[in-house]
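Peer 1: Mind looking over this structure? Questions follow.
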Amino acid sequence: MVNNFKDVFELLHPRLLKVIRLRGYYRPTPIQEKAIPIVLKGVNALIIGPTGSGKTEAALFPLASRVLSSYSNSNSIKLLYITPLRSLNRDIFARIVGVLEDAGLHVMVRHGDSSRSEKLEFLRRPPDIAIMTPEAFYFMLSVGKFVESLKDLKAVVIDEFHELIDDERGVELLLALERLEKIHLRKRIQRVALSATLSNPRLAAQVLAPDRRVEIIEADVRKKYAIKVIVGLEDEETRQVAEKLGIPVDLAGRLVTIKRIVSKLDGGVLLFTNTRDTAELLGALLSKVLGKDKVAVHHGSLSRSERVSVEQRFREGKLKLVVATASLELGIDIGHVKLVVQYMSPRQAVKLLQRIGRAGHRLYETSYGIVLASKNFFDILESAVLARRAMDCDLEPLTLPNSPYDALLHQLVGSVIEFSEIKPLEFYYLATTLPYYYGFDYEKFNQILDFANSTRILRVNEAVIREGRRARRYYFSTTMIADVEQYDVIDLERREKIGVLDEEFVASLEEGSFFVLGGRVWEFVGVEKDKVYVRQAKQEVLVLPAWEGELIPVEFKAAREFGSILRRYEHIGARVFEKYPLSTEAKEYVLKILKEQSKVSCIPTDKHIVVEVVPTHKLAFIYVFWGSRCVKAFELFLNGLIRSLIGYSPASSSSPYGVVLQFASPPSKELIESMFKTIKVLKDSEIENIVVEALKRHKVFEWYTLRVAKKMGIEIPRDASKSLVKRLGETLVGEEALKELNQRKIDMNCLIDKIKDIKEGKIKISIVVLKEISPFAKELLQLANMVVAGYREKSIPSTLLKEVYIRRLSEKRVEFVCLMCGNRWTVTFSLLDDKPSCPRCNSRFIAPLIGVDIDTNTLIESIKSRRKSPKLKKLLAMGNLVLTYGKKAVEALLVPGIGPTVAQRVLAKLAWGEEAFYKALAEYEKKFIQTRKYWKKE
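For reference, each letter of the sequence shown is one residue, going 1 to 938 in this note's numbering.
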């Protein structure tokens, strides 16, 4: 290692050294001091450091120097820089490309949004340094000219490696690198990865360059973080905001707290949320509290121009607050951030560390952050645990995908397209050098080949694999990016958008099921295209959400620490909280709930499972501190086990700290005792089978099956029949779906281990029968959005339905045809007479052209000849309704799903008054939305 700071930069090529001095690079950072000499030698390296540590320069400067030292003016790419986000591409381009180009190197960015002319220029005149997304890189590997341009390639840099390593995008990228080296270039290329702090650097290094030496380079100077967990304020201003915006006091308290934080600071504040929907909601509310010109929202669903605009305005100091999701976690340059606020628990310490690291961007600056928890026992303590773990760099373990079939198939097809044919063993050996595919047997590989052969993606025989008819279409239209669609949620009665749900959550909904959105309980009515139709629940109902959707999981160790806090509290009291960064108000709330819980029930811990049976509410609460994935597996297991004991599965839901079961009749203590007795005698294989069968009955398994099918080249419509999806679930597609679920949503190994602890008596079990729901249970229900009380609105009264429908239809333009003279005209519904007539002949025998397309001549000929075609029959039926009921008939016919036959039934209700008419309209419209997907298309 070189000790003199100046010496490290002086190791670089003279031309590059001159440029970086002119650009103000005088003193290398600690990570640059360690990395530059190693990377210059051509050694593979994993460079680990926080945001602002200078990782990018630590890799690019020595690699650019290597390129310059042996520079040839050939049209070839000498260095590849691969980055997971297109927004990072433009950031790197703006920050460092100037340095490289001033040193005489040609740099270009290539990704999916590049224009046609840019793509052609990229191939015609390849740059010295190419900046690409993983997808652009592996798609280009099947383009001959691109592969030719890599003949002089010296190194590949992978940025934000921590974002890729445990994801299928990373699997496919590393397969593509192996493909490049072993099939195309037949030589090894230097690999350098840049990463934020990792829990297991050795495993990451092994993934980066299997069976090769990889230097793990970390800065000796550790960045400092100061994180505090607080709760929202409750004062007079809070109550005023709650009343003005019509929101709960707890939410108003968090808004007022954010307002005061932003107002006190002279710099910009980043507010991170866990979901896009929350970001949009907070952005709208905070704009009313702080002013529209001071607040903006930033997330991946916004257009590129919108995101760039937000970043630019924040850099320029025009925005005081940006509400963001994971889109700003990574190294996008947005200028100086004074403070980061995490809205409610970040769910993982590694996420919190990345987010708080955006404040105090420079290495020697302390990054200040606040976790603004909801006033909820579990949210506060979870946030405290994660804040402690983040500050101590005690992070979640890496979990590698287990031999993903889809990524393997996709890269295999890419190789076949490039070479026309490939030997099966050659690709098998290539894949199994990666840790992702250790232990992947050749028989399973052959099953994937059989699958590709049967779907006409590949043509396979024992000696060689060739391109199938569907190979190119599949390869160039498929990526491993989880492209989760968003659905607008529409209140069926008001016809207003009330929020957004992601595709995975929508897949978990059954007709008539309930869920919570925007602080209210909604009944799921149906889904049509990109819209989910709902109506508000008419009574207080307990809502057990079946799936968490886009929420990231709380891992086992963090949940176990939560449970250990409660165990230590029983011994040393409030002193247990001294090592956790809780505000006074947050700590007081936690202590208050603990005292209330100890009066009515037991306090569960990491070594003490407490089951609270509440017969009056038909509920059972089972507290276990095993983390999201393990508890979800436990929930599925209990669901299947109870089904075998009593003949049906109870409704259920889970959080990282417990399972809630809702029975059809009051559960007994004896049932729970019988359940745990059965658990103690089951074999591991039986436990696993129960979980898998329960998972296969879940609608989300269908969703994962369809998603995997798409990634493996099977195109299935969203409304595919259940039998088709079920058949797919029994194939390799279903097998891969189960593997993905086991990595992302459940943890089978953890469940087996914890049940073993129960069997061996390492975990105590207490069953308590209560008359009412305990303080812990109330907090658990509130945390998981399972129940809402106190501020639920009622469904629209039937007396107001008339107003709702008239408001909806008033601006609609309606085209009419006269069934006597053939005249056609258009009028706005609100301007229509109660007894409308033809403006030409005054006849009242007119029909609205709703769902009927017919030209005037054809209509007149049909009327004259008395040939009653289906279209004419429909027009005559509507004409008779208008003749009898006037404007009310048109109003009924304008409602989706109401044709002449149904309109006749609805209009007949007018004999009982308008209220009965509008109630019937609403019921038929609801029925239409529920059943439309089953209708045959004409």
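Using N, Cα and C, we set each Cβ at its ideal position, and we do this for glycine too.
For my contact list, V323 and T257 are in at a C-beta cut-off of 8 Å; report their separation, rounded to the angstrom.
Peer 2: Rounded, the Cβ-Cβ distance is 14 Å, inconsistent with contact.
Peer 1: Among residues of its own chain, excluding the 5 on either side of T705, which ones have a beta-carbon nearer than 8 Å to its beta-carbon?
Peer 2: V725, L728, G729, V733, G734 and A737
Peer 1: Within 10 angstroms of its Cβ, does D855 collect 16 or more other Cβ (buried), or is it exposed?
Peer 2: exposed
Peer 1: Looking at C-alpha atoms only, which residue of V231, G52, K318 and K764 is the closest neighbour of S195?
Peer 2: Comparing Cα positions, the closest option is G52.
Peer 1: Within the continuous alpha helix (DSSP H) that includes E365, where are the two ends?
Peer 2: No alpha helix (DSSP H) holds E365; DSSP gives it neither H nor E.
Peer 1: Would you mind working out which of K680, G468, K531 and E443 sits nearest S454, comparing C-alpha positions?
Peer 2: G468
Peer 1: Report the partner residues of M391 according to the DSSP bridge assignment.
Peer 2: Per DSSP, none; premise fails for M391.
Peer 1: Which partner residues does F272 have in the DSSP bridge list?
Peer 2: A324 and Q342
Peer 1: Could you tell me whether the Cβ of L645 comes closer than 8 Å to any Cβ of chain C?
Peer 2: Checking the listed chains, one finds no chain C in this structure; it contains a single protein chain.
Peer 1: For K764, collect the residues of the same chain with a Cβ closer than 8 Å to its Cβ; drop the 5 residues on either side in sequence, then sort them by chain order.
Peer 2: These residues qualify, in order along the chain: K607, H608 and I609.
Peer 1: Assuming V310 and H298 are in contact, meaning their beta carbons sit under 8 Å apart, how far apart are those beta carbons, in whole angstroms?
Peer 2: 5 Å
Peer 1: Which class does H298 belong to by DSSP, given the choice of helix, strand or coil?
Peer 2: In the three-state DSSP reduction, H298 falls in the strand class (E or B).
Peer 1: Classify L153 as helix, strand or coil using the three-state DSSP reduction.
Peer 2: coil
Peer 1: Anyone know if the C-beta pair for F928 and G879 falls short of 8 Å?
Peer 2: no
Peer 1: If distances are taken between C-alpha atoms only, which option among H617, E588, F621 and S72 comes closest to C602?
Peer 2: F621
Peer 1: At which residue ranges does the segment 398 to 468 contain complete alpha helix (DSSP H) runs of 4 or more residues, listed in the order of the chain?
Peer 2: 405 to 419, 424 to 431 and 442 to 454
Peer 1: Given 8 Å as the limit, is there contact between the segment 652 to 667 and the segment 611 to 621, that is, 3 or more CB pairs closer than that?
Peer 2: Yes, the segment 652 to 667 touches the segment 611 to 621.
Peer 1: Would you mind sorting R629 into buried or exposed? The rule is 16 or more other CB atoms within 10 Å of its CB.
Peer 2: By the 16-neighbour rule on beta-carbons within 10 angstroms, R629 is buried.
Peer 1: Could you pull out every residue in the same chain whose Cβ sits closer than 6 Å to the Cβ of K145, ignoring the five residues on either side in sequence?
Peer 2: For K145, where only same-chain residues beyond five positions count, the Cβ hits under 6 Å are L123.
Peer 1: Name the one or two DSSP bridge partners that N44 has.
Peer 2: V214
Peer 1: Per the contact definition of three or more C-beta pairs closer than 8 Å, is the segment 15 to 22 in contact with the segment 186 to 193?
Peer 2: no
Peer 1: Which word fits S665, buried or exposed, when buried means at least 16 other C-beta atoms lie within 10 angstroms of its C-beta?
Peer 2: exposed
Peer 1: To the nearest whole angstrom, what separates the beta carbons of R270 and R389, a pair I think is in contact under 8 Å?
Peer 2: The identity of residue 270 in the sequence shown is Leu, whereas the question assumes Arg. Rounded, the Cβ-Cβ distance is 21 Å, inconsistent with contact.
Peer 1: Checking the sheet assignment: what are the DSSP bridge partners for H608?
Peer 2: T605 and K764
Peer 1: Pick helix, strand or coil for A64, following the three-state DSSP scheme.
Peer 2: Shown here, A64 sits in a helix according to DSSP, grouped into three states.
Peer 1: Tell whether a beta-carbon distance below 8 Å holds between A373 and M391.
Peer 2: no
Peer 1: At which residues does the alpha helix (DSSP H) containing C750 begin and terminate?
Peer 2: Note, C750: alpha helix (DSSP H), M748 to K759.
Peer 1: Are R470 and I457 close, meaning C-beta to C-beta below 8 Å?
Peer 2: yes
Peer 1: Near W825, what residues of its chain come up, given a Cβ to Cβ distance below 7 Å and the 5 sequence neighbours on each side ignored?
Peer 2: F816 and P839
Peer 1: Just list the beta strand (DSSP E) runs in the segment 98 to 127, keeping only unbroken ones of 3 residues or longer that don't cross its boundaries, in chain order.
Peer 2: 107 to 110
Peer 1: Have a look at D379, D166, E237 and L164 and flag the residue whose alpha-carbon is nearest the alpha-carbon of I230.
Peer 2: D379
Peer 1: When you compare only the Cα positions, how much space is there between I448 and A349?
Peer 2: 37 Å
Peer 1: With DSSP as the reference, please indicate the residues paired to G526 in a beta bridge.
Peer 2: Y533
Peer 1: Relative to the C-alpha of P28, which residue among E237, K745, E612 and K55 is closest?
Peer 2: K55
Peer 1: Thinking C-alpha only, which one of S830, S367, V827 and D853 is nearest R222?
Peer 2: S367
Peer 1: Give me the DSSP bridge partner(s) of T826.
Peer 2: E815
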